Amino acid sequence: MFGVSLGRVRPSSTGPLPLSNGIRSSSGDNYRSHTHPREELLEGQHRQFRHDLRPVAPGTMKKARYRDKNIDPRSTFSLRYCLLLSRPYRLTRSIQRHYHIPQGLFVYSDEDLSLPPIGWTEQCHPEGQTYWCHFHKKIVTAENMRDPLVAQTIVDWITKLEELMAVNSHTLGNSRELVVGLGSNNACEYYLVDHSQQLLYWIEQTDTPLLGLPAVSSISHLRLLLRQQYYVHLELFCMHVGVTQFVQDRLMSTLAFYCIDGMTSMLSTSPYAPGQCQKFLHILGGVPTSNAAIGYKTFIVARLLAEIYGAYFIHFRGEASPRLARSQRLFPQAPIHTDLWYHVVNTILWCVPMKHCQNLQNQWIDKLCNRYQLQDFLRQMSLEWSSSVYYSTGMILYVSYLSSASANFSATF
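So the sequence shown is numbered by UniProt numbering: it starts at 1 and just counts up by one.
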């Protein structure tokens with residue numbers, strides 16, 4: 001679809017890099033004879049540009065979001081603010097524990113607080129993480145745009161990405177946006193979002209292993225995976241965009257279906273228990289519809305739909321052979337070999353061990369385990385084991401009492 005292949009890019013002070021490096025013949029010697037030294041330098045810069053651009057998926061950013069992170073030593077209380085950045089920093093000096101509150105703090109403008117570049121607006125996620133939006137350019141980043149060095153690096157990357165998209169006749173419309181982040185060594189991590197299609201895409205050709213995504217069986221299966229990643233993105237960046245009424249109605253209908261399916265079937269593929277679905281429906285019905293609640297409702301809907309589409313993906317929804325029951329296997333099962341003593345003990349105990357072993361195997365189908373069904377299974381096993389202990393203890397005490405009574409009776413006569 002796109003004619004330019006990208007790698008990872010590192011910003012430099014040399015300005016935008018050219019996308020073509022002169023005329024190249026089929027012969028390497030002819031190419032070197034026709035190539036100016038400056039063109040060779042530019043080609044080397046372009047290779048570095050390709051090396052430093054890294055396509056990522058929202059799931060990768062979500063994992064990095066919840067890693068341990070330290071407070072940036074440049075953002076201490078002495079600067080009147082403290083920011084937790086999306087990238088970890090090692091503490092180089094102690095952070096002040098107390099701070100004198102000057103007269104009029106937060107009433108007048110704070111001169112010590114660094115301003116972001118023009119056009120960037122700060123948003124605060126319901127969990128507390130801040131991110132930045134450029135509504136005119138349709139760009140989102142979780143990096144700290146109040147840090148001048150970070151902001152300049154992000155702006156440089158955006159300039160290069162815009163040039164690459166222009167070469168491919170690719171634009172960001174009203175329903176599309178670019179997500180940019182910084183990886184190791186200030187490498188650019190990016191992906192693009194299409195809200196109308198509810199999908200992700202990239203400028204370059206990439207593959208699922210590079211993105212840290214699982215393998216797929218078809219294009220439609222890949223579409224389910226990318227839609228699940230779209231809702232992960234929406235979960236991370238929810239305060240500047242809303243969800244349509246159609247999406248909300250589809251979510252509530254899906255939860256209602258899962259509720260009925262879980263109540264009427266022991267083999268439901270629902271990722272939630274029926275009681276949870278009822279609570280979710282009650283909560284969704286109580287979320288306000290005002291503008292103040294748009295971001296929070298987007299987060300709620302995105303969090304639930306990300307898990308639902310994850311269940312769609314692992315159960316091959318819409319494929320030629322979907323998993324319709326929790327106990328249905330779609331892949332060959334490895335044979336389980338048992339020893340002779342197991343069969344002997346199983347026969348002596350009226351095949352009870354075989355029954356429990358089969359029930360336990362049914363909790364692990366195609367390397368998948370539903371935690372709610374597993375919790376119910378373990379709860380039933382715990383009750384059964386507790387009952388067995390009580391009955392066994394009672395029987396032992398009763399037999400001991402009978403033995404003692406029999407001994408006393410024999411001694412009397």
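In this text, a Cβ means the ideal position worked out from N, Cα and C, and glycines have one as well. A quick note: this is a predicted structure, and the numbers were derived from the prediction, not measured.
Annotation for ASP194: the continuous beta strand (DSSP E) segment containing it runs 188-194.
Distance from the CA of GLN228 to the CA of ILE118, rounded to the nearest whole angstrom, comes to 33 angstroms. For the options VAL243, HIS356, GLN333 and ASN370, the alpha carbon positioned closest to that of SER196 is the one of VAL243. Rounded to the nearest whole angstrom, the CA to CA distance from ILE203 to GLU235 is 23 angstroms. Within the same chain, LEU234, CYS238, MET239, VAL241, GLY242 and VAL243 come within 8 angstroms of THR298 by CB-CB distance, once the 5 residues on both sides are set aside. Annotated as proximal: ALA302 and TYR231, with beta-carbon spacing under 8 angstroms. The Cβ atoms of HIS221 and GLU319 lie closer than 8 angstroms to each other.
Residue VAL216 holds the alpha-carbon nearest to the alpha-carbon of TYR312 among VAL287, LEU402, GLN361 and VAL216.
DSSP lists no beta-bridge partner residue for HIS315. Burial check for LYS160: the Cβ neighbour count within 10 Å reaches 16 or more, so the residue is buried.
Burial state of CYS351 is exposed, judged by a 10 Å Cβ sphere holding fewer than 16 other Cβ atoms. Per DSSP, TYR201 is one residue of the beta strand (DSSP E) stretching across 199-201. Secondary structure of THR171 (DSSP, three-state): coil. The alpha-carbon separation between PRO332 and THR141 amounts to approximately 44 angstroms. Boundaries of the alpha helix (DSSP H) around ARG65: 58-65. Taking the Cα positions, PRO274 is about 6 angstroms away from MET263. At a Cβ-Cβ threshold of 8 angstroms, ARG329 and ASP366 count as neighbours. An exposed status is given to ILE101, since fewer than 16 other beta-carbon atoms sit within 10 Å of its beta-carbon.
CYS357: member of the alpha helix (DSSP H) spanning 352-361, first to last residue.
In the displayed model, TYR131 falls within a strand according to three-state DSSP.
Taking a 10 Å sphere around the C-beta of SER270, we find 16 or more other C-beta atoms and assign the residue as buried.
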